[in-house]
């Protein structure tokens, strides 16, 4: 094989592959917001840091989903979060 043929293969197949790999890395780093940082993990659930999880877990007979109870000891408020 000649060097021209090998160079042509690298240009037509290698460069787009390198470009695709770079785009995937940049996309994961800058555009993937699933793992964004939050101040407190309960903020993701829509709860403040005051809420503590209880051991109460139940299945709602109305919709069939499993829920966990979170309790705010300061106010006595309870929140039911679907698992």
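In this note's numbering, the protein residues as written are 2 to 84. The C-beta atom is built at its ideal place from N, Cα and C for all residues, glycine as well. Values in this document were obtained by computation on a predicted structure and should not be read as measured data.
Pick out whichever of the options has its Cα sitting closest to the Cα of residue i.
| i | options | result |
| --- | --- | --- |
| residue 1 | 62, 82, 23 | Lying outside 2 to 84, the shown extent of the chain, residue 1 is not represented and no answer is given. |
| residue 84 | 57, 32, 9, 10 | 57 |
| residue 50 | 61, 66, 67, 75 | 75 |
Whose C-beta lies closer than 7 Å to the C-beta of residue i among residues of the same chain, with five residues either side of it excluded?
| i | result |
| --- | --- |
| residue 80 | 48, 52, 71 |
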